[in-house]
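These notes are about the structure you will find just below.
There are 2 protein chains.
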Amino acid sequence: MSFVPSIPLWLKNKFLQSNMKFRNFKMVGYVVYGRGSFNQLNEIIEPHRKEDDPMIFLVDHFFKGKSLINRLPLRGHDKVVFADVTYEPKTSLVDKLAQQLKDEFGKVSGIIGIGGGSTMDLAKAVSLMMNNPGSSSDYQGWDLVKFPGVYKAGIPTLSGTGAEVSRTCVLTGPTKKLGMNSDFTPFDQIVLDPELTTNAPVNQRFYTGMDCYIHCIESLNGTYLNEFSKSYGEKALQLCRKVFVDKREWDDESDDQLMMASYAGGMSIAYSQVGVAHAVSYGLSYLLGTKHGIGNCIVFDKLEEYYPDGVKEFKFMVEKNKIDIPQNITKGLSDEQFDTMINVSMGMKPLWENALGRDWEKTMTREKLRKLYERL
Amino acid sequence: MSFVPSIPLWLKNKFLQSNMKFRNFKMVGYVVYGRGSFNQLNEIIEPHRKEDDPMIFLVDHFFKGKSLINRLPLRGHDKVVFADVTYEPKTSLVDKLAQQLKDEFGKVSGIIGIGGGSTMDLAKAVSLMMNNPGSSSDYQGWDLVKFPGVYKAGIPTLSGTGAEVSRTCVLTGPTKKLGMNSDFTPFDQIVLDPELTTNAPVNQRFYTGMDCYIHCIESLNGTYLNEFSKSYGEKALQLCRKVFVDKREWDDESDDQLMMASYAGGMSIAYSQVGVAHAVSYGLSYLLGTKHGIGNCIVFDKLEEYYPDGVKEFKFMVEKNKIDIPQNITKGLSDEQFDTMINVSMGMKPLWENALGRDWEKTMTREKLRKLYERL
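In order, the protein sequences belong to chains F and L.
Heads up: the first sequence runs through residues 0 to 375, numbered per numbering that gives the first Met the number 0.
Heads up: the second sequence runs through residues 0 to 375, numbered per numbering that gives the first Met the number 0.
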């Protein structure tokens, strides 16, 4: 017996995935790791150039006017597009960028995302929307994407999000903040060159690094885990500690190790789940637009009740690395606004269940969550 | 400027790879990890069935008559082929199997390799030879394979070789023992189900596990390493220690952890190199046909001069796990035979250089190597 051919592959995949107890994890196509590996970008993308169709370099606006731009291997109609990632990417921005590229070039050879998690997620989403009809908001969810995107490569310039290896791209849409989770979403290529993270601003570097650290603490203390994710999570955590706890000063090795921590942390997501910090920070992000890395830090700083050892170590790292964690960001919010955050947060059931067990609603009441939000 | 279209992709890739300082590492397509994930095999391979073309299950002959065979998701013309891996796979066997499949079916949907490193390597090679002309011996080397193989999946039933994630498949040919190293070689899918390793014979399980352990000791003590390979190597080594040093008795967790050790050890190969044990054991394997895992153990047992801590720990593990390491296997060999082994071993320049530095020939003379072989 074979499947009736009229069932499209994406629907077949969606059906099959949903029947599987263990996630069948789609890996990125190629990985290159090394100081200076960015210099190989020309050779790496060359085989993926299609006639005169340009490569689009989608670059974090942080690099406007910086020397990295002169190192891009531009050819023919290739274009550099700066991504304003002051806020996390919106579906409307994805749709606009994809439409502009279609209007200007018809087709493109590929999208090369260079930046932090937001830029990489944006690059994945634009790649997908070059080949899928409608709006990116139609595909927020699991296995809704119908066609593979154009060739896409991710080049992190900040370490910690794990976006370089994830099968999602988190987007804020008209009705929800949710990624385009699909087997078409992971990059075809990632270039891990720790040199590119050398000049990251110290606070930003810390917040993004803590995205990895906090994820590991949450998943390793959770109820949902197997040896695959545990191995990766432990390695990521150990590397974060080397960098932020043990090291006397930041050096090249710190960049090398934090880049591997991010990669390992991202891989560990395959069979693990995050916990309280993520559940609470989603509320902040929804209401106030707080970015993921810093939001997690603001929340985790107050979670001594749930992760006592982790929070103690976190506070040590904050002090040692002379980092500012914003305080009192919920001061003056209305009851209605607190309710919005609480509603968003309470909706993250799998996260709460992973952190506090099946009876999590007995432990985490709306009143208790309100008190927690008031402390942020 | 574009490449002239008449240059085929494989040649372009070969040219480009050779110009790259950092290897651009091709990953396996999909990974599923979990106890019982083998039960998802039907759903996993379903989207890759092409009309009536059969899936070929290439299974280690160890499983002949065992219950695993009844769990294979056979359909239509699917065929089970048992692989005799008493000796490591030969190019002649690869060619014969591929020809038989072509004669019987014309085309096949895919090759599913189920077994240890030899079986998985055989599956990769047969997959490639379904779509490449000539003999597999024509492709022993680096980036010589011209066309992608048919769909191929690897399912380890022994942990330690790392063959599940490697970009090679080691074959003994008419003139050399060398793999078909190429970007077409890695599996499209691997299924990591630790349950499948439960009933492995104790000695065999140890030898294969030590393939991973010894690799890690050699690469972590070598001169050629970066943070990517170091992270994976350290994790693999730590897991080997948990299993073979710390554990009081073998249990399910041992199988879980050793399977991850193998995977991590395999990934660590990307930017690392092996050393003395491999260089010496290649000589044994060439002359006597000694299999890789046990050969490495026989050699490593005598390498206290080069890896003092590792060999001490190895001897502890041998004793603790009540393992037999064969002794005196070179007794009675002729001078000519010793010379053959020495020639093969001295030819492994990158391994010696990694272990002993650029001036390795001053440290490891033919006389010294002869004495080492005499002790095995």
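Idealized CB from N, CA, C, for every residue including glycine.
Scanning L:Asn-342, L:Glu-103 and L:Gly-112 for the CA closest to the CA of Pro-185 of chain L turns up L:Gly-112. Partner residues in the beta bridge of Thr-171 of chain L, as assigned by DSSP, are L:Lys-89 and L:Lys-176. At a cut-off of 7 Å between beta carbons, Gln-256 of chain L contacts chain F. Cβ proximity to chain F below 7 Å picks out Asp-255, Gln-256, Met-259 and Ala-263 from the segment 244-269 of chain L.
Neighbourhood of Leu-238 of chain L in chain F, by CB distance below 9 Å: Glu-226 and Ser-230, in chain order.
C-alpha of Arg-48 of chain L to C-alpha of Leu-224 of chain L: approximately 40 Å in a straight line. One thing to note: Met-347 of chain F has its Cβ within 7 Å of the Cβ of Tyr-281 of chain F.
Under the Cβ distance rule, Gln-39 of chain F counts among the residues neighbouring chain L, one pair being separated by less than 7 Å. Listed by position along chain L, the residues whose Cβ is nearer than 7 Å to that of Gly-153 of chain F form an empty set, because the closest Cβ is around 13 Å away. Burial is judged here by how many other beta carbons sit within 10 angstroms of a residue's own beta carbon; Val-279 of chain F has at least 16 and is buried. Below 8 Å, too few C-beta pairs join the segment 248-263 of chain L and the segment 248-255 of chain F to call them touching: fewer than three. Its chain contains Arg-369 and Tyr-372 as the residues whose beta carbon lies nearer than 7 Å to that of Phe-337 of chain L, once the 5 sequence neighbours on both sides are disregarded; these appear in chain order. For Ala-124 of chain F, there is no enclosing beta strand (DSSP E); the residue is found in the alpha helix (DSSP H) stretching over 116-128.
The closest CA to that of His-60 of chain L, considering only L:Tyr-285, L:Ser-117 and L:Pro-349, is found on L:Ser-117.
No Cβ-Cβ contact shorter than 7 Å links Tyr-270 of chain F with Ser-230 of chain F. At a cut-off of 7 Å between beta carbons, Lys-78 of chain L makes no contact with chain F.
In the same chain as Leu-286 of chain F, and ignoring 5 residues on each side of it, the C-beta atoms closer than 7 Å to its own belong to Gln-336, Thr-339 and Met-340, in chain order. Under DSSP, no beta-bridge partner is assigned to Tyr-212 of chain F. For the 7 Å CB-CB criterion, Lys-78 of chain L and Ile-55 of chain L form a contact. Judged by DSSP in its simplified three-state form, Met-316 of chain L adopts helix. Apart from the 5 residues on each side of it in sequence, Ala-235 of chain L sits with its Cβ closer than 7 Å to the Cβ of Cys-211, Cys-215, Ala-260, Ala-263, Gly-264 and Ser-267 in its chain, given in chain order. Beyond the five residues adjoining it in sequence on each side, Asn-320 of chain L comes within less than 8 Å, by CB distance, of Val-201, Phe-205 and Phe-243 in the same chain, given in chain order. Between the segment 23-37 of chain F and the segment 185-195 of chain F, the count of Cβ pairs shorter than 8 Å is three or higher; the stretches touch.
Listed in chain order, the non-local C-beta contacts of Val-125 of chain L below 7 Å within the same chain comprise Leu-57, Val-93, Leu-96, Ala-97 and Ile-110, local neighbours out to five positions each way being set aside. In this chain, Met-19 of chain F is not harboured by any beta strand (DSSP E), its DSSP state being neither H nor E. Within chain L, Val-31, Ser-36, Gln-39, Glu-42 and Ile-43 have C-beta atoms less than 9 Å from the C-beta of Met-19 of chain F, given in sequence order.
Put simply, the CB of Asn-130 of chain F is far from chain L, with every gap to its CB atoms at 7 Å or more. Counting only unbroken stretches of 3 or more residues, the beta strand (DSSP E) elements lying wholly within the segment 174-257 of chain L are 176-180 and 188-191, in sequence order. By the criterion of a C-beta distance shorter than 7 Å, Arg-374 of chain F is surrounded in its chain by Lys-301, once the five residues flanking it on both sides are discounted. In the DSSP assignment, Asp-59 of chain F falls within the beta strand (DSSP E) that extends over 54-59. Counting C-beta atoms within 10 angstroms of its own C-beta, Tyr-86 of chain L has fewer than 16 neighbours from the protein chains shown and is therefore classed as exposed. By the 16-neighbour rule on beta-carbons within 10 angstroms, Gly-292 of chain L is buried.
In this structure Gly-153 of chain L does not touch Leu-127 of chain L by the C-beta definition: roughly 13 Å separates them, more than the 8 Å allowed. The beta-bridge partner set that DSSP reports for Gly-153 of chain L consists of L:Gly-112 and L:Ile-189. Boundaries of the beta strand (DSSP E) around Tyr-29 of chain F: 29-32.
The straight-line gap separating the alpha-carbon atoms of Asn-180 of chain F and Leu-121 of chain F is approximately 13 Å.
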